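Asks:
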Amino acid sequence: MNWLLRLYPARWRERYGEEFAAVLASQRASPGLVLDVLGGAVDAHLHPQIQHSRSNSIEDLTGDDTMTLEMLQRCAAGGPRLSASDRRIASLLMILSALVMAVLYIGLTKIYPAAPAVQALFYASFPSLALIYGQTAYLRKRPRLTQVFVLAGGLSTMYLFMLAGCLIGAKL
Amino acid sequence: MRQTKNDAELDDFGRFSEPALLILVSLAEGPRHGYSMTEDIAAITGVRLGPGTLYGALARLEARGLIAALKSEDRRNPYQLTALGERALRARLDAMITVARTGQRRLANA
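Residue numbers (my numbering), protein chains in the order written: chain A, 1 to 172; chain B, 173 to 282.
1. With three or more C-beta pairs closer than 8 angstroms as the rule, is the region 220 to 232 of chain B touching the region 147 to 163 of chain A?
2. Could you list the residues in the region 2 to 25 of chain A with a C-beta less than 7 angstroms from some C-beta on chain B, going in chain order?
3. Could you tell me which chain B residues have their CB closer than 9 angstroms to the CB of L175 (chain A), listed as they occur along the chain?
4. Taking the alpha helix (DSSP H) that Y251 (chain B) falls in, what are its first and last residues?
5. The alpha helix (DSSP H) with A98 (chain A) in it runs from where to where?
6. Could you give the distance in angstroms between the alpha-carbon of S33 (chain A) and the alpha-carbon of G39 (chain A)?
7. Skipping 5 residues on each side, what residues in its chain have a beta carbon closer than 6 angstroms to that of F126 (chain A)?
8. Determine which residues share a DSSP beta bridge with R117 (chain B) and list them.
9. Report yes if the CB atom of A102 (chain A) is closer than 8 angstroms to the CB atom of Y159 (chain A), and no otherwise.
10. Compare the C-beta of S189 (chain B) with all C-beta atoms of chain A and state if any pair is closer than 8 angstroms.
11. Grouping DSSP H, G and I as helix and E and B as strand, with all else coil, what is A241 (chain B)?
12. Measure how close the beta-carbons of Q27 (chain A) and R220 (chain B) come, nearest whole angstrom, since I'm counting them as under 8 angstroms.
13. Using a cut-off of 8 angstroms between C-beta atoms, extract the partners of G254 (chain B) located in chain A.
14. Tell me which residues share the same chain as Y112 (chain A) and place their Cβ nearer than 8 angstroms to its Cβ, disregarding the 5 neighbours each side in the sequence.
15. In the region 108 to 126 of chain A, which residues sit with their C-beta less than 8 angstroms from some C-beta in chain B, listed in chain order?
16. Whole angstroms is fine: what's the gap from E59 (chain A)'s alpha carbon to W12 (chain A)'s?
17. Looking at the secondary structure, which residues open and close the alpha helix (DSSP H) in which S26 (chain A) lies?
18. Can a CB atom of chain B be found closer than 8 angstroms to the CB of G134 (chain A)?
19. Mapping the DSSP letters down to three states, classify M162 (chain A) as helix, strand or coil.
20. I'd like to know if A231 (chain B) contacts chain A, where contact means its C-beta is closer than 8 angstroms to some C-beta of that chain.
21. Under 7 angstroms between beta-carbons, which chain A residues line up against R248 (chain B)? List them in chain order, please.
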């Protein structure tokens, strides 16, 4: 289950990862637990608390080490600090994607009930939303081709992974 | 529920409001780390907080200075209440007691 930790932002994992993993390992695996962790990951992307922490605030730092510390923090965060506009656009895209996925899933379920390919769409939708938010926000200043390539690659990999899981599950 | 300034510290926690309150109650007994908090909260309420909920609330409490992480050798930091967190907890519990007493009095007179 520790792979779910990868869905959290890098800076968040750096701060809480080990203790989070210990709590996660202490609980019995269940769909409810997976949903709780996924919900936490989406929240950590949408409402990053660490950069607002009073004790970690880069604005509180002074002196010659400020630039080095800021660079380290940016590297730990896995990308540049997001502007309000970046977060707004990424959130909007994530909400739209959720709606599209929901409509697609409902429509396909009516036509192909219990098909593994459709079930895989359902399971892939949750991590895909976190992926869409993260990639949209952090790659916004990259070339359009890079954005499309990374996002499409990530989503395809996610779907194929879930499809493999569903096909194996159907055989068992 | 009537609010005081300290009580309002817990206002913008959204769905993490109740877990945050339970964490503060758990830490009122002394410093604890995440696993110990989930066990304590489960013993108090019968509900085991998932790690996503627990750390969503913990991160908010820490960011607002209501709790603070203590240094630890194994990086599983224990957390403790800060003075601000203690005041916020007292204020919220006082407000809850007022509501509970009022409700019980009204039920008794019903």
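The beta carbon of each residue, even a glycine, is placed where N, CA and C say it ideally should be.
Remember, it's a predicted structure, so these values are computed and weren't measured experimentally.
Replies: In short:
1. no
2. Y16, E18, E19, F20, A22, V23, L24
3. Residue 175 (chain A) is absent from the model: chain A starts at 1 and stops at 172.
4. Segment 251 to 253 is the beta strand (DSSP E) holding Y251 (chain B); no alpha helix (DSSP H) there.
5. 84 to 111
6. The sequence as given places Leu at residue 33 (chain A); Ser does not occur at that position. C-alpha separation (whole angstroms): 10 angstroms.
7. L38
8. A question about residue 117 (chain B) goes unanswered here, because the residues of chain B that appear run from 173 up to 282.
9. no
10. no
11. strand
12. 7 angstroms
13. For the sequence presented, residue 254 (chain B) should be read as Thr rather than Gly. Correct list: empty, because the minimum Cβ distance to chain A is about 10 angstroms.
14. V118
15. none
16. Residue placement at E59 (chain A) is poorly supported in this model, since its pLDDT is 42, which falls under 50; the coordinates still yield a value, given next. Straight-line Cα distance between these residues: approximately 19 angstroms.
17. It is not in any alpha helix (DSSP H) - S26 (chain A) carries neither H nor E in the DSSP assignment.
18. no
19. helix
20. yes
21. E18, E19, A22
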